[in-house]
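Visitor: The sequence shown lines up with residues 1 to 482 when you count with the working numbering.
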Amino acid sequence: MLALILILIPLIGSLLLFSLRGSNAGVSKNVALITALVEFVIAAYAFLSFDSQTIVEVKYAWMKDLKINFHLGIDGISLLMVTLTGFLVPLIVLSTFKYSYKKHESFYSLILLAQAALMGVFMAKDIFLFYFFYEVALIPVYFLAALWGGANAPRITFKMFVYTMFGSLFMLVAIVYLYIKASSANIQELYTAAKFLTPTSQNLLFWAFFVAFAIKMPVLPFHTWQPDTYSESPTPATMLLSGLLSKMGVYGLIRILLPLAPVGLANYGFIAMVLSIIGLIYGSVIAIQQNNIKRLIAYSSFAHMGLMAAGVLSGTLSGIQGALLQMVAHGINAVGLFFIVKIIYDRTKTRDLHSLGGITQKTPALSIYFMIIMLGSVALPLTNGFVGEFLLLKGVFDKNMWLGGIAGLTIILGAVYMLRLMQRSMFGETNAVTTKFSDVKGTEIAVLLPIAAVVLLMGIFPNVFLKITEPAVNSLLQLIHP
Numbered sequence: 001m002l003a004l005i006l007i008l009i010p011l012i013g014s015l016l017l018f019s020l021r022g023s024n025a026g027v028s029k030n031v032a033l034i035t036a037l038v039e040f041v042i043a044a045y046a047f048l049s050f051d052s053q054t055i056v057e058v059k060y061a062w063m064k065d066l067k068i069n070f071h072l073g074i075d076g077i078s079l080l081m082v083t084l085t086g087f088l089v090p091l092i093v094l095s096t097f098k099y100s101y102k103k104h105e106s107f108y109s110l111i112l113l114a115q116a117a118l119m120g121v122f123m124a125k126d127i128f129l130f131y132f133f134y135e136v137a138l139i140p141v142y143f144l145a146a147l148w149g150g151a152n153a154p155r156i157t158f159k160m161f162v163y164t165m166f167g168s169l170f171m172l173v174a175i176v177y178l179y180i181k182a183s184s185a186n187i188q189e190l191y192t193a194a195k196f197l198t199p200t201s202q203n204l205l206f207w208a209f210f211v212a213f214a215i216k217m218p219v220l221p222f223h224t225w226q227p228d229t230y231s232e233s234p235t236p237a238t239m240l241l242s243g244l245l246s247k248m249g250v251y252g253l254i255r256i257l258l259p260l261a262p263v264g265l266a267n268y269g270f271i272a273m274v275l276s277i278i279g280l281i282y283g284s285v286i287a288i289q290q291n292n293i294k295r296l297i298a299y300s301s302f303a304h305m306g307l308m309a310a311g312v313l314s315g316t317l318s319g320i321q322g323a324l325l326q327m328v329a330h331g332i333n334a335v336g337l338f339f340i341v342k343i344i345y346d347r348t349k350t351r352d353l354h355s356l357g358g359i360t361q362k363t364p365a366l367s368i369y370f371m372i373i374m375l376g377s378v379a380l381p382l383t384n385g386f387v388g389e390f391l392l393l394k395g396v397f398d399k400n401m402w403l404g405g406i407a408g409l410t411i412i413l414g415a416v417y418m419l420r421l422m423q424r425s426m427f428g429e430t431n432a433v434t435t436k437f438s439d440v441k442g443t444e445i446a447v448l449l450p451i452a453a454v455v456l457l458m459g460i461f462p463n464v465f466l467k468i469t470e471p472a473v474n475s476l477l478q479l480i481h482p
């Protein structure tokens with residue numbers, strides 16, 4: 001029942017909050033936080049009690065005549081994403097405690113609904129159930145961004161919605177085709193059925209799934225919705241998008257695309273890798289030129305997703321293991337960085353790098369947290385970003401030396417835009433905007449401290465995570481390279 005409980009708790013919390021209309025904002029915040037913390041405890045229990053042979057499953061008939069089931073399971077690959085979701089959502093909720101939001105019951109209800117759907121995506125063992133949760137996860141985040149975002153949020157988030165729905169149509173067609181061919185919606189059975197598909201069918205499946213997942217991550221050329229959406233959305237929605245929803249795309253590549261279209265991967269994986277790496281370089285260069293600190297983090301996120309996609313598409317153990325580890329690392333770093341941007345904006349009312357400076361003179365605690373998270377983002381050794389990025393680059397290099405060399409530029413470019421962000425915003429002389437900047441305290445420390453701790457712990461003990469995922473990844477590779 002563990003898998004089912006992980007969905008039911010945030011769903012029940014969401015429904016409870018939705019029914020509390022007219023209540024005090026503090027009640028909504030506390031209900032959301034308690035629900036998210038209970039979910040984290042259960043996810044942490046699953047993580048700590050897991051061994052390489054454990055597969056937690058629950059299965060109920062959903063559409064019996066069609067052989068479609070409510071089938072959930074947790075293996076090593078799922079477990080990392082379940083734990084990441086359980087860890088980040090309480091921090092996202094806690095990050096809002098200093099602020100007030102209109103219709104606060106609906107606001108927190110939508111956050112928990114998104115968490116329930118994300119848990120469903122990462123645990124689904126039935127492909128129609130995967131598709132259902134994949135679509136449902138977008139809906140609450142769309143409303144969070146559109147209703148609580150900036151002045152242009154409704155127009156910009158509608159663009160995101162149209163993009164993702166467009167990609168989802170390709171995925172739905174591919175899923176229906178597979179279902180008709182296999183007479184089953186069980187993902188494990190579809191893996192077996194995919195072996196008997198014609199090369200042409202697998203090529204088409206590859207592109208249908210790739211387009212759907214590339215839009216969600218996003219990967220070039222399907223990225224144009226991302227910078228504006230991240231910039232205009234309220235910070236909690238941006239955290240959900242960057243920290244968790246974008247990971248659905250990478251997870252989909254690993255869980256769905258690779259084993260269902262191995263021939264398509266062999267034929268067209270190189271082209272998709274090239275697109276991903278072009279996006280990596282392009283996103284990094286644009287990030288270097290940004291003066292809006294929130295857009296800078298948005299483009300850096302786009303660049304990181306390109307490297308993860310390339311690593312997965314290499315079809316190597318190093319590439320896939322690196323992507324799984326980097327999904328966790330990037331999710332944690334992105335939430336931390338966007339929260340720091342929020343802190344800076346609330347105290348200065350600007351996101352312009354040219355208007356900032358000298359903040360570190362008055363904020364020793366914020367400076368330390370910012371430095372640790374920033375170093376994790378640039379993949380300094382002994383931080384959470386290092387091992388994942390190293391494995392990703394190795395995977396790409398093993399597949400193609402030239403692509404690996406080009407992708408390696410991310411080490412330099414990433415350091416340039418992140419150090420520029422740190423230098424321009426935190427160091428130098430104070431000015432009229434930053435002279436009264438106060439240090440972090442209370443709930444701000446409660447959010448940043450665990451993030452900084454995990455940045456260091458993951459960097460020091462990466463094998464804890466790699467050992468969990470390796471058996472499941474090896475099983476997956478046997479399907480791709482029989």
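Glycine included, every Cβ here is placed at the ideal spot set by N, Cα and C.
(1) Only counting the same chain, and skipping five residues up and downstream in sequence, which positions put a Cβ closer than 8 Å to that of L342?
(2) How is the beta strand (DSSP E) around H223 delimited, first residue to last?
(3) Going by C-alpha to C-alpha distance, which of A61, S231, T363 sits closest to H71?
(4) Please report how far the alpha carbon of M217 lies from the alpha carbon of S301, in whole angstroms.
(5) Which value, in whole angstroms, describes the spacing of the CA atoms of T85 and I92?
(6) Mapping DSSP to helix, strand and coil, what is H71?
(7) What does the alpha-carbon distance come out to for the pair M418 and L204?
(8) Would you report the Cα separation of M348 and Y230, rounded to the nearest angstrom?
(9) F427 and T363 look like a contact to me (Cβ under 8 Å); what is the Cβ gap, rounded to whole Å?
(10) Taking 8 Å as the threshold (C-beta atoms), are L17 and E105 in contact?
(11) Are the beta-carbon atoms of T164 and I215 separated by less than 8 Å?
(12) Would you kindly report the start and end of the unbroken alpha helix (DSSP H) that includes A137?
(13) Where does the unbroken alpha helix (DSSP H) through G306 begin, and where does it stop?
(14) Whole angstroms is fine: what's the gap from I281's alpha carbon to A287's?
(15) Three-state secondary structure (DSSP) at N494?
(16) Give the DSSP-derived three-state secondary structure of A379 in the structure shown.
(17) Taking 6 Å as the limit between beta carbons, can you name the residues of its chain near A334, skipping five residues before and five after?
(18) Hey, quick one: how far does the alpha helix (DSSP H) through M239 stretch, first residue to last?
(19) Would you mind listing the beta strand (DSSP E) stretches within the segment 381 to 462 that are 3+ residues and don't spill past its ends, in chain order?
(20) So, with DSSP's three-state summary, where would you put M217?
(21) Throw me the rounded Cβ distance for the T332 and I451 pair, which I believe falls under 8 Å.
Guide: Well, looking at it:
(1) Note that residue 342 is Lys in the sequence shown here, rather than Leu. The residues are S95, T235.
(2) Looking at the DSSP string, H223 is not in any beta strand (DSSP E), and its letter there is neither H nor E.
(3) A61
(4) 9 Å
(5) 10 Å
(6) strand
(7) 39 Å
(8) According to the sequence provided, residue 348 is Thr. The question's Met does not apply to it. If you take the alpha carbons of T348 and Y230, they lie about 20 Å apart.
(9) The Cβ separation is near 12 Å, so there is no contact.
(10) yes
(11) yes
(12) 127 to 148
(13) 293 to 313
(14) 10 Å
(15) Nothing about residue 494 can be read from this structure; the chain reaches only from 1 to 482.
(16) coil
(17) S242, G243, S301
(18) 235 to 240
(19) none
(20) coil
(21) The question names Thr, but residue 332 in the sequence shown is Ile. Contact holds; Cβ gap of about 6 Å.
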